[in-house]
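Accompanying notes for the structure given below.
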Amino acid sequence: MTAAELGRVAEELGLDVVGAAPATAYEETERHIRERKARGLFADMRFTMAQPDVSCHPETLLPGARTVVSAAHCYYAPEPHLQRGEGRLARYTWYDGYAVLRERLDELGRRLGGGYRVLVDANQHVDREAAARSGVGFYGKNTMLITRKHGSWVVLGTLVTTAEVEATAPLELDCGSCTLCIEACPTGALDDPGVVDSTKCLSYWAQAPSQIPAEYRGELGAQVYGCDICQDVCPWNRGIERRRSQAPVVEGAEPHVQLVDWLTSDGETLTQEYDRLYVPRNDARYLRRNALVALGNTGGRDELQVLEPFLADQDELLREQAEWAVARIEEREARRG
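Using my numbering, the first residue of the sequence shown is number 265, and each one after it goes up by one.
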């Protein structure tokens, strides 16, 4: 299949950006992963960083693999006004864009013919490297994959196939002298351009299986999952933000959550409702931890009664975060007089 034919089929299937590259090893990426892992920049994250001997070798993911097709799905929608008592989710989690992409890539695999394997949000493959090689986008200084038309507001997926598809050229683009994302990151996680220090990243701490460090809690504000700060300031994202400024949120999407619900709902029910999120050990206490921090940052005197039961919680994680939240609210109320 030629690159032009691939583009036409992708458009029919609703894939926002598509590209192709030969199924060969990502040797430089593997080296970078190993170096950064040795420096401790990944903290205890697993994902593709845990097994570069697999995730950087698409040629081993399917017998007879010849082509890696990369695709992007744009998920951007304007955020509704945040109401009191609500927590904010990162945009990519408002709905399961990965499921949309997975279905469309599966259909693309069938149309190409031959054997294929779809990898979407999978630990076995470094999607960003494949996307950069095939011209779907380029690496930004915030480490995000930035597409020409949709900026970084995309989720990525991969189709490894035995079919031969004409390769598409990488983009000859970069961030130039822009450092807005580096300057905007409140914790300095991007001080080394193109490298994220996960031990300082708010998105990491919202998913970490431990207490959120006290020095980072205030920076989370109302955020209960993920972080979009470095994307919000990126000039490459302004085009899609303008074009979709009046677009409705996808039906069923959830930009905000009720913090009280996260603190009072049955744990199993809560994790089932948010199974699109990565939650350590699928344990609702980590979602409650995030809600406690958000309530500490945004709540008032009326919310203290919601926090009170957690002050006597046998779980040290929740008890300590609740104590911090109560102290934060009381301090804020005292300043108001």
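A virtual CB, placed ideally from N, CA and C, is assigned to each residue, including glycine.
Keep in mind that this is a model prediction, so the values were computed, not measured.
Considering only C-alpha positions, which residue in the set the options is nearest to residue i?
i      : options                        : result
Arg481 : Ala555, Tyr542, Gly531, Arg355 : Ala555
Ala453 : Glu483, Ala427, Pro434, Thr426 : Glu483
Pro434 : Tyr362, Gly399, Pro477, Arg596 : Gly399
Gln315 : Leu376, Ala386, Leu346         : Ala386
Val384 : Leu346, Pro344, Val333         : Val333
Arg375 : Lys464, Ser462, Leu277         : Leu277
Glu584 : Arg502, Pro477, Cys439, Val419 : Pro477
Val273 : Ala335, Thr426, Trp417         : Ala335
Gly401 : Gln388, His389, Val418         : Val418
Asp438 : Gly283, Gly404, Tyr468, Val514 : Gly404
His414 : His345, Arg506, Ala589, Leu346 : Arg506
Val281 : Ala396, Gln388, Glu294, Tyr468 : Ala396
Glu294 : Tyr380, Arg352, Leu279, His389 : His389
Leu353 : Glu299, Leu423, Val460, Gln471 : Gln471
Phe574 : Val524, Val514, Val424         : Val524
Tyr550 : Glu515, Tyr468, Val570         : Tyr468
Val514 : Arg298, Pro344, Ala448, Gly328 : Pro344
Thr562 : Asp539, Gly601, Gln522         : Gln522
Gly564 : Gly601, Arg412, Asp360         : Gly601
I think residue i touches residue j, with their Cβ atoms under 8 Å apart; what is that distance to the nearest whole Å?
i      : j      : result
Glu430 : Ala267 : 4 Å
Val364 : His337 : 6 Å
Ala517 : Trp358 : 4 Å
Ile593 : Glu572 : With 8 Å as the limit, Ile593 and Glu572 do not qualify as a contact, their Cβ atoms being about 11 Å apart.
Ala589 : Gly560 : 3 Å
Arg300 : Val459 : 7 Å
Asp577 : Ala586 : 7 Å
Quick one, are the C-beta atoms of residue i and residue j less than 8 Å apart?
i      : j      : result
Val382 : Asp370 : yes
Gly421 : Arg355 : no
Ala558 : Gly531 : no
Leu527 : Tyr489 : no
Glu428 : Thr331 : yes
Cys602 : Leu466 : The chain is shown from 265 up to 601; residue 602 falls before or after that span and cannot be answered.
Ser509 : Pro342 : yes
Glu633 : Ala486 : There is simply no residue 633 to check, as the chain begins at 265 and stops at 601 in what is shown.
Tyr340 : Ile493 : no
Thr426 : Gly378 : yes
Arg553 : Leu582 : yes
Leu305 : Ser462 : yes
Tyr362 : Gly373 : no
Leu302 : Val424 : Checking the sequence shown, residue 302 turns out to be Ala, not Leu. For Ala302 and Val424, no; Cβs fall outside 8 Å.
Leu279 : Arg348 : no
Gly283 : Thr432 : yes
*Quick one: any contact between the stretch 393-410 and the stretch 491-500, if contact means 3 or more CB pairs under 8 Å?*
yes
*Contact between the stretch 445-460 and the stretch 535-544 (3+ Cβ pairs under 8 Å)*: no
*Is there contact here, the stretch 288-297 with the stretch 317-331, by at least three beta-carbon pairs under 8 Å?*
yes
*asked:* Which runs of the alpha helix (DSSP H) at least 4 residues long sit entirely within the stretch 392-471? Give them in chain order.
replied: 444-448, 466-469
*Could you give the uninterrupted runs of the alpha helix (DSSP H) lying entirely in the stretch 497-557, keeping only those of 4 residues or more?*
502-507, 523-528, 531-537
_Length at least 4, wholly inside the stretch 295-355: the alpha helix (DSSP H) runs in chain order_ = 316-319
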